[in-house]
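> Take 33 as the starting number for the sequence shown in the working numbering and just add one per residue.
For every residue, glycine included, the Cβ atom is placed at its ideal position computed from N, Cα and C.
Pasting a structure below so you can have a look.
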Amino acid sequence: MYDLGIIGGGPAGYTAAEHAAKLGLKVVLFEKDEVGGVCLNEGCIPTKTLLYSAKLYDHARHASKYGVTVDGVAVDYGKVVARKNKVVRKLVAGVRARLNHENITVVKGEAFVAGREEKELKVECGGESYLMRNMMVCTGSSNVVPPIPGIDSDRVWSSREALAAKERPASVAIIGGGVIGMEFASLYNTLGTQVTVIEMQDEILGNMDREISRMLREELEKKGVVFHLQSRVLELKEEDLLFEKGGEVQAVQAERVLLSVGRRPNTVGFGLESLGLEKTRNGGIVVDEHMRTSDQNVFAVGDVTGFSMLAHTAVREAEVAVNHIRGEYDSMSYRAIPGVVYTLPEVAGVGETEESLAGKDVKYEALRLPMTYSGRFVAENEGANGLCKILVGEDDRILGVHMLGNPSSEIITTATLAVEQELTVEKWLRCVFPHPSVSEILKETLGTFEGDDL
Numbered sequence: 033m034y035d036l037g038i039i040g041g042g043p044a045g046y047t048a049a050e051h052a053a054k055l056g057l058k059v060v061l062f063e064k065d066e067v068g069g070v071c072l073n074e075g076c077i078p079t080k081t082l083l084y085s086a087k088l089y090d091h092a093r094h095a096s097k098y099g100v101t102v103d104g105v106a107v108d109y110g111k112v113v114a115r116k117n118k119v120v121r122k123l124v125a126g127v128r129a130r131l132n133h134e135n136i137t138v139v140k141g142e143a144f145v146a147g148r149e150e151k152e153l154k155v156e157c158g159g160e161s162y163l164m165r166n167m168m169v170c171t172g173s174s175n176v177v178p179p180i181p182g183i184d185s186d187r188v189w190s191s192r193e194a195l196a197a198k199e200r201p202a203s204v205a206i207i208g209g210g211v212i213g214m215e216f217a218s219l220y221n222t223l224g225t226q227v228t229v230i231e232m233q234d235e236i237l238g239n240m241d242r243e244i245s246r247m248l249r250e251e252l253e254k255k256g257v258v259f260h261l262q263s264r265v266l267e268l269k270e271e272d273l274l275f276e277k278g279g280e281v282q283a284v285q286a287e288r289v290l291l292s293v294g295r296r297p298n299t300v301g302f303g304l305e306s307l308g309l310e311k312t313r314n315g316g317i318v319v320d321e322h323m324r325t326s327d328q329n330v331f332a333v334g335d336v337t338g339f340s341m342l343a344h345t346a347v348r349e350a351e352v353a354v355n356h357i358r359g360e361y362d363s364m365s366y367r368a369i370p371g372v373v374y375t376l377p378e379v380a381g382v383g384e385t386e387e388s389l390a391g392k393d394v395k396y397e398a399l400r401l402p403m404t405y406s407g408r409f410v411a412e413n414e415g416a417n418g419l420c421k422i423l424v425g426e427d428d429r430i431l432g433v434h435m436l437g438n439p440s441s442e443i444i445t446t447a448t449l450a451v452e453q454e455l456t457v458e459k460w461l462r463c464v465f466p467h468p469s470v471s472e473i474l475k476e477t478l479g480t481f482e483g484d485d486l
């Protein structure tokens, strides 16, 4: 008998398992593939590893701007991929070691929920049955494949095939201008691939701050990425990818087509139907603020809820769920979930956007400064400009922060704390920022607040 059974060993699953075990719960974790899930094995980590190699290559190519001469700069993509695989293996082994250290039972195989046996939940896996008092569903999500004629061609990649490829394509057409699409666009463009992006909406990165999204698109266009916005893919026909734009049918030829139009929760094939869990319109499992489903002993965490499909969200959700199982009060807050796009340059944002505030009819003041107001940024980003935007509410509290420029991915944590803790401009200004650091751009931007424009 287990206190907690977890289906899925991604960030949500292994975080929940470790946290629960440390709190004294007896835990069993089911995973059909490798622990670490999509994020570690074929998503977040491998993508960022490839992007870092691209970043080094880009720095080497433009080293002369910094007074450094580098001759014979080249990329061996096979070695880049080999290093990516080594990084993934090392981190997967680390997760396994942590699970073993906490004496967590890890069962490899496809778990199937067989309902209840008296009061306990029952899961079958590999011919064995396991009973548990509580269950956590962490089955993640999978790529959406739209019904486009010809999309089943061998030329079409999902992010999984793109990451596994040992050779870089000479040209690629990316269907979808979301986070994953933009990261691959930046990666391939930096390494010399001709990149075309086809997006149905009128701007890329639909959930990010629109001004920042536009600025990133313009930066990538300067580097040679071709964008077709408000365009609908019609068919993949032999060498041509056909799409409709402005009422006209156009075609683009590319060696590979990368499909990146979103992900959907994985809720089918695990026997969850036997529990009768309530679902959302997009197929995610409905949960309350403690991540509890319509069954009081079943919790759902991570992408399977279909809400905030980010690894770091899943980690916090897992902590909340385990704490609730242990009888400790905890609840999930989505006020300050940072989002990062690891392009060159990086984009990061947290909290409300101008668009979301306008939709709620909330008054605000938008503070803006180019990233070049930070001396450290100028020293390390020759020729770059970027933007820092801070949104302030009527009560002078920080509602959102959005940035374009390196290293936004690291700086955004500071902004996340400000939004989550509902700091006012005055309180945040009293914090001391290290000098020289790029993070000082936050203090510089706050310094433009006048408080009388709302």
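Sort A86, E270 and I357 by Cα distance to A53 and report the nearest one.
I357
> Contact defined as beta carbons within less than 8 angstroms: I believe S440 pairs with V379. What is the distance between those atoms, to the nearest angstrom?
6 angstroms
> If we ignore side chains and look at the alpha-carbon of each, how far apart do E360 and H467 end up?
40 angstroms
> Once DSSP output is grouped into helix, strand and coil, what is the label at N417?
coil
> Taking Cβ to Cβ, would you say K154 is nearer than 8 angstroms to G147?
yes
> Hey, L268 and E276: beta-carbon distance below 8 angstroms or not?
no
> Going by the DSSP bridge assignment, what does A380 pair with across the sheet?
V372 and M435
> Run through the DSSP bridge pairs and tell me what Q226 is partnered with.
Partner(s): S203.
> Can you tell me the Cβ-Cβ gap for Y396 and V424, rounded? I've got them flagged as a contact below 8 angstroms.
6 angstroms
> So, at 7 angstroms on beta carbons, what are the nonlocal neighbours of P340 in its own chain, with the 5 sequence-adjacent residues on each side left out?
Note that residue 340 is Ser in the sequence shown, not Pro. Excluding residues within five positions, the ones whose Cβ falls inside 7 angstroms are Y366 and I369.
> So does L291 have its beta carbon nearer than 7 angstroms to some heavy atom of the ligand MG?
The ligand MG is not among the ligands present in this structure, which contains no ligands whatsoever.
> What's the C-alpha gap between L486 and T325?
Annotation note: pLDDT 46 at L486 (below 50); position unreliable, no value reported.
> Can you tell which of K118, K58 and G40 has its C-alpha closest to the C-alpha of C170?
G40
> I want to know whether the segment 171-181 touches the segment 284-301 - three or more CB-CB distances under 8 angstroms.
yes
> By the 10 Å Cβ neighbour count, where 16 or more other Cβ atoms means buried, how is H133 classified, buried or exposed?
Around the CB of H133, fewer than 16 other CB atoms lie within 10 Å, so the residue is classed as exposed.
> Report yes if the C-beta distance between A44 and E321 is below 8 angstroms; otherwise report no.
no
> Pull the bridge partners of N175 from the DSSP assignment, please.
Residue pairing of N175 in beta bridges, as defined by DSSP: R295.
> Rounding to the nearest angstrom, what Cα-Cα distance links T137 and V59 in this structure?
Taking the straight line joining both Cα atoms gives about 6 angstroms.
> Given that a residue counts as buried once 16 or more other Cβ atoms are within 10 Å of its Cβ, and exposed if not, what is T101?
Per the 10 Å Cβ criterion, exposed.
> Using a threshold of 8 angstroms, state whether the C-beta atoms of G371 and G381 are closer than that.
yes
> Throw me the rounded Cβ distance for the N298 and S173 pair, which I believe falls under 8 angstroms.
6 angstroms
> By DSSP, does I430 sit in helix, in strand, or in coil?
strand
> Kindly confirm or deny that the segment 200-219 and the segment 228-241 touch, where touching means at least three C-beta pairs closer than 8 angstroms.
yes
> Closest to I183 by C-alpha separation, out of M167, E270, L123 and M164, would be which residue?
E270
> Any idea what DSSP makes of M364, helix, strand or coil?
coil
> For S161 and G37, I'd like the C-alpha separation in whole angstroms.
12 angstroms
> H91 to Y109, Cα distance in whole Å?
17 angstroms
> With T445 as the anchor, note down where its beta strand (DSSP E) starts and where it stops.
Note, T445: premise wrong, no beta strand (DSSP E); alpha helix (DSSP H) at S440 to E452.
> Does the beta-carbon of N135 have 16 or more other beta-carbons within 10 angstroms, so that it is buried, or is it exposed?
exposed
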